[in-house]
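Protein chains in written order, with the numbering used here: chain Y, 1 to 446; chain A, 447 to 892. Glycine is no exception: its CB is placed at the ideal position from the N, C-alpha and C atoms.
Number of protein chains: 2
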Amino acid sequence: MASYDDVMSLSVRRGFLWPAAEMYGGFGGFYDYGHNGVLLRRRWEDLWTETFLGLSDNYYLIDTTTILPEAALKASGHVDHFTDVLVTCTRCGESYRGDHLLEAATHAEQEGLTPAEIDARIRELKIRCPNCKGELGPSREFNMMFPVGIGPTAKDRAYLRPETAQGVYLNFKREFAELVPLGASAGDRIRIAWAAEKNEPTAHEIPAEGLVDRGLPSWYVYHLLAVQRFYLAALRVPRDAFRFAELDEKERAFYNKVHFDIQVRQESLGGFREIGGVHYRTDHDLKGHESGSHAKQAVTFGTAKLVPHVLELSFGIDRNVWALLDLAFAKGDRLVLRLPPRLAPVTVAVFPLVNKDGLPERAEALFASLRKRFLAFYDDSGSIGRRYARMDEIGTPFSVTVDHETLEGKGVTVRERDSQKQIRVPEAELADTIAKLLSGETSVVP
Amino acid sequence: MASYDDVMSLSVRRGFLWPAAEMYGGFGGFYDYGHNGVLLRRRWEDLWTETFLGLSDNYYLIDTTTILPEAALKASGHVDHFTDVLVTCTRCGESYRGDHLLEAATHAEQEGLTPAEIDARIRELKIRCPNCKGELGPSREFNMMFPVGIGPTAKDRAYLRPETAQGVYLNFKREFAELVPLGASAGDRIRIAWAAEKNEPTAHEIPAEGLVDRGLPSWYVYHLLAVQRFYLAALRVPRDAFRFAELDEKERAFYNKVHFDIQVRQESLGGFREIGGVHYRTDHDLKGHESGSHAKQAVTFGTAKLVPHVLELSFGIDRNVWALLDLAFAKGDRLVLRLPPRLAPVTVAVFPLVNKDGLPERAEALFASLRKRFLAFYDDSGSIGRRYARMDEIGTPFSVTVDHETLEGKGVTVRERDSQKQIRVPEAELADTIAKLLSGETSVVP
């Protein structure tokens, strides 16, 4: 059980992440990644790529500009509909998001309310300006995108893209290969919280066929299963800490017909929190860009010409990194980050037991050979106990120590992070043993 | 020898990169990456990370927000000095960058001119508005950053960061480990073009010590060598297509004391072009943030307290990807992308010779085992010649074909991209053979 401060304090101390621009008094909501954070995130990305490209040969990568011209975002609906409700104080002029004001007053999520509904709730709850206690004016819709001007005098209107997905739709016809019918795999249960239950910390275990029977498209259920497998099998999220939470019609974005958030329970954030989503967007995007650009988007499928419907699997990488840190955080008599070994920033650490008798030279030679195959780290500073503790805090699964017995040809010790158990391994077999420990083929614990 | 159109046409056809938002008439200067481009770029990043983290254990990764508050960019000097000279037509009101107008008229680079100098050159060359032939007004400095507003009403001023480096300086004290004195490695020659020669397509081969004798700091020369080694050894850029080009005082950014561009000769862009830079920024940044934020930046080095000087190694990833495509482009009787094998989006392709007699099943089984270890690709569409051609165009170094002899236990053929030579390899040895071919331990050509 980790508090937000626990995880943030470890993150700052061990270089996973830091509040951005802190020397200028901070910069609300922005964070920077340190060395260990960059490595952790890149490994998450590697595993994600491997998993979803591995589903079939019909998945492709694409990476698009972060700035899009106004015409594209007009056609997608974002210029008109990507709005939040804003409330301004009639006395001091400070502005607030309406849902944030209501959430602060009620300690419950307040999504999908109209300006009129928010005004009614503000009157009902007698909410006043948090800054000056003045009376709040009527609420209004406010576009949340960042406008930027392109060209020497910034005269061409554009925006930082409000969602990653739009770049994909603009390039759909280029990457289009073929439409493949997908069915739901049977025999597996999917963890679901229905819209009415989303403030409860529970989930139903529903068979894939059961979700199809309730009207979800089979290809939608197929991808729920693929996503769940990624979290449970590849990222090793405990089953009871994972679920899909349904969003009802008022909560869904304007382009979604079916929407389940991907949620992971994070004690540091107070319970289940969204870290991604599975969005059935229908033909909203491709039809929108077709009418906005007059470029035909239909493709041939069998004997039919049709504009495909879009399923968007959305993952917040930063939210995923935080969830990994939260779930791995384990504090008992010592602090250990129990990351899945493949995700740890450092795979194997190498220490000389003491800094004399030729042990550092022997350990450095071993380190030099291990680093060709693994992300290795050499440390000869402080006591061996402090060095183990440092590796435990960044989640290093295996620590190798060179001691006096090593000089007598008796090999090195390999210590496993979670059990703290040690085995002796001949130097010549060390790299292969680490590889087997990583793959789970062998274990330090008998 | 590849023209720009050659490389762009291959890139679009084979999914390396595309002009962005083309269905809305394009979006000058913005490009999207397709599947093969994402893979190529990620492999460049892997090799870059491996190379520079491998220099010593005192190099760290950091990844920072793309938006920075105004106070930080005021202190860094960008709010006041990150400007270009702009000229506006007195008749039609269209604006142009002064250096671009001069470059169009003279076909030579025009960097570092003041507004007064640009006005004088415009009068001298009798340049008029390219749009309406009207008279051009006096030029003025114009800030090139993208402003964005933060917070619900966008009232906190911030900018898209004008250079990646600033985020590093704001976090310097967090990542600071120790200062390590670096000397130049001797015995290697560095390819240099001096400022006065930068429009010539040549370079001097100067020993590292010779550059130190000319007054460059030894740690600066050390990094020139490391960068050159990355391009020549890891990326396999031909030696004569690589050089460092000196920038003189007028051309350098306001924060640089010594600045050499990293240049690669690219026929598609007309010769040597900048793809990065080695910038000695002195203590400009850390001193600037110290006085802007009042957070002390000095660290202890031996018995001294000092604010370190910054050496910035800057790499344009997109420019590097283009340079790789340009250099690899080879068109004779066939079109081949001769990428270094480790950078190719696909490492090994697997084909059944024909789609009958059980060959596809055998090839698919082989593909399934290879993809566990390599980036593999299966293709059974069209003639075998067309399949080879497709792989040649995306730079796949090895193509494996399953034929009727395979069914008789006589192994498969492995074809090497550049030589088009083939060898027969037993199926059981195939994966190891591919690994040896990749590492250069063995070769298809005897």
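What number of angstroms, rounded off, separates the C-alpha of residue i from the C-alpha of residue j?
i, j, result
"valine 310/Y", "glutamate 274/Y", "21 Å"
"isoleucine 87/Y", "aspartate 248/Y", "The residue asked about is misnamed: residue 87/Y is valine in this sequence, not isoleucine. Near 25 Å, if we compare the C-alpha coordinates of aspartate 248/Y and valine 87/Y."
"aspartate 772/A", "serine 827/A", "28 Å"
"glutamate 516/A", "glycine 149/Y", "18 Å"
"leucine 548/A", "leucine 559/A", "10 Å"
"tyrosine 96/Y", "alanine 20/Y", "23 Å"
"aspartate 526/A", "glutamate 290/Y", "43 Å"
"glutamate 393/Y", "lysine 331/Y", "10 Å"
"threonine 495/A", "cysteine 89/Y", "50 Å"
"tyrosine 726/A", "arginine 698/A", "11 Å"
"serine 293/Y", "arginine 675/A", "47 Å"
"glutamate 405/Y", "glutamine 422/Y", "14 Å"
"glycine 523/A", "leucine 407/Y", "57 Å"
"glycine 288/Y", "histidine 35/Y", "42 Å"
"tyrosine 450/A", "tyrosine 159/Y", "29 Å"
"methionine 391/Y", "glycine 722/A", "35 Å"
"glycine 28/Y", "arginine 13/Y", "20 Å"
"arginine 586/A", "proline 561/A", "6 Å"
Would you list the residues sitting across from residue i in a DSSP beta bridge?
i, result
"tyrosine 895/A", "Outside the displayed span of chain A (447 to 892) sits residue 895/A, for which this structure offers no information."
"histidine 725/A", "His705/A and Glu758/A"
"valine 782/A", "Ala776/A"
"isoleucine 206/Y", "Ile190/Y"
"aspartate 84/Y", "Phe142/Y"
"tyrosine 96/Y", "Val87/Y"
"glutamate 720/A", "Gln709/A"
"threonine 746/A", "Lys751/A"
Would you mind telling me which residues of chain A sit closer than 7 Å to residue i, beta carbon to beta carbon, in chain order?
i, result
"threonine 442/Y", "The premise fails here: threonine 442/Y is roughly 19 Å from chain A at the closest Cβ pair, so nothing lies under 7 Å."
"valine 38/Y", "Leu507, Ile508 and Asp509"
"serine 419/Y", "In chain order: nothing, as chain A lies at least about 28 Å away."
"aspartate 57/Y", "Tyr824"
Which chain A residues sit within Cβ distance under 9 Å of residue i?
i, result
"glycine 34/Y", "Tyr506, Leu507, Ile508, Asp509, Asn617, Arg620 and Glu621"
"serine 95/Y", "Gly597, Pro598, Thr599 and Lys601"
"tryptophan 322/Y", "Neighbours of tryptophan 322/Y on chain A: none; closest Cβ ~15 Å, over 9 Å."
"valine 148/Y", "Phe592, Pro593, Val594 and Leu606"
In the DSSP assignment, find the alpha helix (DSSP H) that holds residue i and state where it starts and stops.
i, result
"tryptophan 490/A", "481-499"
"alanine 566/A", "561-570"
"tyrosine 450/A", "450-459"
"serine 291/Y", "284-293"
"threonine 433/Y", "430-439"
DSSP three-state label for residue i, please.
i, result
"tryptophan 665/A", "helix"
"tryptophan 194/Y", "coil"
"proline 806/A", "helix"
"glycine 401/Y", "Per the sequence presented here, residue 401/Y reads as threonine, with glycine not at that position. In this structure, threonine 401/Y counts as strand in the three-state DSSP scheme."
"glutamate 416/Y", "strand"
"tyrosine 506/A", "coil"
"valine 237/Y", "coil"
"glycine 595/A", "strand"
"arginine 390/Y", "helix"
"lysine 520/A", "helix"
"glutamate 468/A", "helix"
"glutamine 266/Y", "strand"
"phenylalanine 476/A", "coil"
"glutamine 674/A", "helix"
"phenylalanine 377/Y", "strand"
"leucine 102/Y", "helix"
Please list the partners that residue i has in chain Y, where partner means a Cβ-to-Cβ separation under 9 Å.
i, result
"aspartate 526/A", "Those do not exist, as aspartate 526/A stays about 17 Å from chain Y at its closest Cβ, beyond 9 Å."
"histidine 735/A", "Met23 and Tyr24"
"leucine 693/A", "Correct list: empty, because the minimum Cβ distance to chain Y is about 23 Å."
Considering just the uninterrupted stretch of the beta strand (DSSP E) at residue i, what are its terminal residues?
i, result
"isoleucine 127/Y", "Isoleucine 127/Y -> no beta strand (DSSP E), and no H or E assigned at all."
"aspartate 156/Y", "156-160"
"alanine 795/A", "794-798"
"lysine 751/A", "750-752"
Taking residue i as the query, report the chain Y residues whose CB atoms sit under 7 Å from its CB, ordered along the chain.
i, result
"alanine 518/A", "Ala21 and Tyr24"
"phenylalanine 473/A", "Pro69"
Determine the chain Y residues that contact residue i at a beta-carbon separation under 8 Å, and present them in chain order.
i, result
"glycine 613/A", "Ala20 and Asp32"
"alanine 881/A", "Those within 8 Å of alanine 881/A in chain Y number zero; the least Cβ separation is about 13 Å."
Quick one: does residue i have its CB under 7 Å from some CB of chain B?
i, result
"alanine 295/Y", "Of the protein chains in the structure, Y and A, none is chain B."
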